[in-house]
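These protein sequences, in sequence, are chains W and U. First residue of the first sequence? That's 580 in our numbering, and the numbers climb one at a time after it. First residue of the second sequence? That's -16 in our numbering, and the numbers climb one at a time after it. Okay, structure first, notes after.
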Amino acid sequence: MPGLKREDVAHVAKLARLTMSESELDKFTVQLGQVLDHASDMNALDLDGVVATAHPFGLINVVRDDEVRPGLDHDAVMAMAPDAQDGRFAVPRILGEAP
Amino acid sequence: MTMPDGWEMVVGLEVHTELKTNTKMFCGCANTFGADPNTNVCPICLGLPGSLPVLNVRAVELAMAIGTALHSTISPSTFHRKNYFYPDMPKDFQISQYDLPINAGGYLDLPDGSRVSIERAHLEEDTGKSTHLGGSGRIHGADRSLVDYNRSGVPLVEIVSGPDIRSSAQARTYAAELRGILIATGASDGRMEEGSMRIDANVSVRRSGEALGTRCEIKNLNSLRSLTRAIDFEAARQVELIEGGGTVRQETRHWDENLGSTSTMRVKEEADDYRYFREPDLVDLAPDQAWQDRVRDALKPMPAERRAALKGRLANPNPALLDALEVVIDLGLDSYVIAALDAGVEPDLAFARAANEIASDLDGVGNLSAESYVATLRMEQGGDLSATQAKSVLAEILANGGEPASVAQSKGFERLASGALGEVVARLIDENPDEWARYRAGDEKLAQFFIGQVMKLTKGQANGKDVIAELQTRR
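This is how it looks when you write it as structure tokens:
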């Protein structure tokens, strides 16, 4: 994508909570630009009237019955938590409310 | 609240309702409220690597039922990932519906005759629940937060109204009517205090006739009272701001119930860049006509229809009766009232005993058949039970079951013989000559005094109407 700017890469990195140095931003602007350029090769084709495809399967309405199945053991779950309190995952102070 | 002269508020509501399914949206974990923290969790709702979501058919059907009740068009739809970082959502994205929701368009007619358009009603998953420790218990000043993922992945439908609401009272009516519909479809238990229905309000103001103003979104209003107060506060704040020469900034605001005010949560900027993209692990949803018809055919009557049916039975309903009618609709007690009316019970009594006595012990409705309700009310209306005794019989049946006649007997409720009542009344007239004189002179209020005295002496066994009859014969 010729239009990809350094600010775009910085913005995406921020949304993904990635810290990047100035030189990394330069490097990834080039690399990510190449990836997007490759994808935009598709624009060379006449795709009017072609419906966007999200996956190659022709399946629809794949559902399961509403039946309870056992999940994970509580102790096993909490063993995965870096920190826990009162049976819950403890996380550092949250700086804002959920979006 | 009334808006200042020349001003109008414009409100749209986003109502999130948890769906009353057995399991979560994309996994088989139990969907229950109040379980011990992190006991209904699995790799899918914890967002562990390699786990794959599978859609719950019941959630789809409840969403279709909601859409059908709201006159929406059930449409082919897709799922998207809404990407953001927050500890209550371990996948770092929420599966939601974006440009193609399952229910498109629609409307909700309110009891006051107004119509509010519905833009969409789409499926999405709920997040976990975080508790903020330290400081005030709110986010600001909290030392750290604890997260329970039992709610993570619980199915939700988000119902988005058009910006058609013009007052906080109308917003409240809309939310109450929608709540009734959600209960009637079986989609929700409507328990706002448990968070099963949460409302965001988009509020803007404008001078009458002008274009729409900039809106603010107030998040997470958990009661009809909060909804009303928050909208009134926010509209007044915006008017004051504009009249003082300022401009409204588009932002998300938090309602503080204790302070009675809203405050900035965050300004709309890049935090709202959710980078929606198709959820590659889920295929399209496209319920065919036969499936839609099955859902439509299974729908029970909606509150508006039931309200009309009950009102049709009333000649000149007084305000108290209409209030009782709303309670009956809200709690789904129609069948009791209809059975009583069919049996010739007075409307005031038929509604009042349901809206008060049954309503006060809803857990007991399994113990009370419509037949027992009717039988108790007929005993009361016929004078075999006083009002106090009838209430007591209903309370007993609701609590422990039983048949009205035997319950009344076991409580020693027998109608006073008219001779016995006459003796009591005659004695009271002798003992209270002043009151009796005033009653004879036409002060009808004194009838209540004598009824109260009779009830005291007979321990509630007398019937008020019988007492009045006795008083009248001696007047």
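All C-beta atoms, glycine included, are put in the ideal place defined by N, C-alpha and C.
Contact set for residue i: own chain, Cβ-Cβ below 7 Å, skip 5 residues either direction
i: A465/U; result: The structure shown does not extend to residue 465/U, since chain U is modelled only from -16 through 458, so no value can be given for it.
i: M580/W; result: Since pLDDT at M580/W reaches only 45, below the 50 mark, its modelled position is unreliable, and the value read off the structure follows with that caveat. Result list for M580/W: G612, L615, D616 and S619, in chain order.
i: A595/W; result: none
i: F216/U; result: G243, S244 and T245
i: L583/W; result: T608, L611, G612 and L615
i: A335/U; result: A307
i: V591/W; result: none
i: S151/U; result: M(-16), T211, I214 and D215
i: L604/W; result: R585, V588 and A589
i: S128/U; result: P70, S113, T114, H115 and L116
Contacts of residue i in chain W (Cβ-Cβ under 9 Å)
i: D459/U; result: Nothing about residue 459/U can be read from this structure; chain U reaches only from -16 to 458.
i: L381/U; result: The premise fails here: L381/U is roughly 31 Å from chain W at the closest Cβ pair, so nothing lies under 9 Å.
i: P32/U; result: Those within 9 Å of P32/U in chain W number zero; the least Cβ separation is about 12 Å.
i: V37/U; result: V641, V642 and R643
Partners in chain U for residue i, counting only beta-carbon separations shorter than 9 Å
i: A589/W; result: Per Cβ cutoff of 9 Å: no residues; A589/W is ~11 Å from chain U at best.
Listed by chain order, chain W residues near residue i by CB distance under 7 Å
i: V40/U; result: V642, R643, D644 and D645
i: A269/U; result: I639 and N640
i: R261/U; result: A633
i: C25/U; result: G650 and L651
i: A13/U; result: V647
i: V43/U; result: V642
i: F68/U; result: R596
i: T247/U; result: The contacting residues do not exist; T247/U stays about 11 Å from chain W at best.
Contacts of residue i in chain U (Cβ-Cβ under 7 Å)
i: P671/W; result: R127
i: H653/W; result: N21 and T22
i: Q664/W; result: L129
Close-in-space but distant-in-sequence residues of the same chain around residue i (CB under 8 Å, 5 per side omitted)
i: T489/U; result: Past the boundaries of the shown model lies residue 489/U; chain U is included only from -16 to 458, so the question cannot be answered.
i: R149/U; result: E(-9), M(-8), V(-7) and V(-6)
i: D417/U; result: none
i: L204/U; result: R181, I182, D183, A184, L210, A213 and W238
i: E586/W; result: none
i: G145/U; result: G(-5), V99, S100, I101 and E102
Proximal chain W residues relative to residue i, where beta-carbon distance stays under 8 Å
i: D256/U; result: H590 and L594
i: T6/U; result: D645, E646, V647 and R648
Span of the alpha helix (DSSP H), counted from its first residue to its last, around residue i
i: T156/U; result: S151 to A167
i: E379/U; result: A370 to N383
i: V278/U; result: Q272 to A281
i: T500/U; result: Past the boundaries of the shown model lies residue 500/U; chain U is included only from -16 to 458, so the question cannot be answered.
i: Q436/U; result: K428 to T441
i: K606/W; result: E601 to S619
i: P(-13)/U; result: Neither: P(-13)/U is in no alpha helix (DSSP H) and is coded neither H nor E.
i: L594/W; result: R585 to L594
Residue interval of the beta strand (DSSP E) (run including residue i)
i: P286/U; result: First-last for P286/U: P286 to K294, but that is the alpha helix (DSSP H), not the beta strand (DSSP E).
i: I101/U; result: R98 to E108
i: E(-9)/U; result: W(-10) to E1
i: A184/U; result: M180 to R190
i: D40/U; result: Per the sequence shown, residue 40/U should be read as Val rather than Asp. Run containing V40/U: none in the beta strand (DSSP E); it sits in the alpha helix (DSSP H), V40 to A52.
i: E200/U; result: C199 to L204
i: E193/U; result: Counting along the chain, E193/U falls outside any beta strand (DSSP E), and DSSP gives it neither H nor E.
i: V509/U; result: As displayed, chain U neither begins before -16 nor continues past 458, which places residue 509/U out of reach and without an answer.
i: T15/U; result: Here T15/U belongs to no beta strand (DSSP E), and DSSP marks it neither H nor E.
i: D92/U; result: Y90 to D92
i: L116/U; result: K112 to L116
i: S463/U; result: The shown model of chain U, from -16 to 458, leaves out residue 463/U, and the question about it has no answer.
Contact test: residue i Cβ vs the ligand FAD heavy atom, cutoff 6 Å
i: H115/U; result: Of the ligands one can find in the structure shown there are none, so the ligand FAD has no counterpart to examine.
Within chain U, the residues that residue i reaches when beta carbons sit closer than 8 Å
i: A658/W; result: Ordered by position in chain U, no residue passes the 8 Å Cβ test against A658/W, which lies about 11 Å from the chain.
i: R667/W; result: P20, N21, T114, L129, V130 and D131
i: F636/W; result: V266
Other residues of its chain near residue i: CB distance less than 6 Å, five sequence neighbours each side excluded
i: I434/U; result: G447 and V450
i: V137/U; result: E1, K7, N14 and D109
i: V143/U; result: E(-3), E102 and R103
i: A46/U; result: I85, L106 and V140
i: S296/U; result: In the sequence as displayed, the identity of residue 296/U is Arg instead of Ser. L324, listed in sequence order.
CB contact below 7 Å: residue i versus chain C
i: F334/U; result: Absent from the structure: chain C. Protein chains present are W and U.
Problem set entry | Complete alpha helix (DSSP H) runs within the segment 626 to 668 of chain W (minimum length 4 residues, chain order) | Runs of the alpha helix (DSSP H) lying entirely within the segment 626 to 668 of chain W and spanning at least 4 residues, in chain order: 653 to 658.
For this session: Taking 8 Å as the threshold, find out whether the segment 92 to 101 of chain U comes into contact with the segment -2 to 5 of chain U through three or more Cβ pairs.
Result: Contact check between the segment 92 to 101 of chain U and the segment -2 to 5 of chain U: fewer than three CB pairs, one atom from each, fall below 8 Å, which does not count as touching.
For this session: Let me know the beta strand (DSSP E) ranges lying completely inside the segment 220 to 259 of chain U, each 3 residues or longer, listed in chain order.
Result: Complete beta strand (DSSP E) runs here, min 3: 234 to 239 and 244 to 250.
Exercise. At a cut of 8 Å, does the segment 172 to 192 of chain U reach the segment 288 to 307 of chain U through at least three beta carbon pairs?
Worked result: No: the two stretches stay apart, fewer than three of their Cβ pairs being nearer than 8 Å.
Exercise. Okay, do the segment 359 to 371 of chain U and the segment 403 to 419 of chain U touch, 3+ Cβ pairs below 8 Å being the bar?
Worked result: No, because fewer than three Cβ pairs between the segment 359 to 371 of chain U and the segment 403 to 419 of chain U fall closer than 8 Å, the two stretches do not touch.
For this session: With a floor of 4 residues, list each alpha helix (DSSP H) that falls wholly inside the segment 303 to 380 of chain U, ordered by position along the chain.
Result: DSSP assignment within the segment 303 to 380 of chain U yields the following whole alpha helix (DSSP H) runs of 4 residues or more, N-terminal first: 317 to 325, 330 to 335 and 353 to 364.
Exercise. Do the segment 68 to 85 of chain U and the segment 598 to 612 of chain W touch if we need at least three Cβ pairs shorter than 8 Å?
Worked result: Contact between the segment 68 to 85 of chain U and the segment 598 to 612 of chain W is not established, with fewer than three Cβ pairs separated by less than 8 Å.
For this session: Would you be able to state if there are at least three C-beta pairs under 8 Å between the segment 637 to 655 of chain W and the segment 38 to 52 of chain U?
Result: Segments in contact, yes.
Exercise. Counting pairs of Cβ atoms below 8 Å between the segment 151 to 167 of chain U and the segment 648 to 661 of chain W, do you hit three or more?
Worked result: These segments do not touch.
Exercise. When the Cβ atoms of the segment 354 to 362 of chain U are set against those of the segment 322 to 329 of chain U, are three or more pairs found closer than 8 Å?
Worked result: Enough Cβ pairs lie closer than 8 Å, so yes.
Exercise. Counting Cβ pairs, one atom from each stretch, are 3 or more of them under 8 Å apart for the segment 311 to 322 of chain U and the segment 334 to 350 of chain U?
Worked result: Using a C-beta cut-off of 8 Å, the segment 311 to 322 of chain U makes contact with the segment 334 to 350 of chain U, since at least three inter-stretch Cβ pairs fall below that distance.
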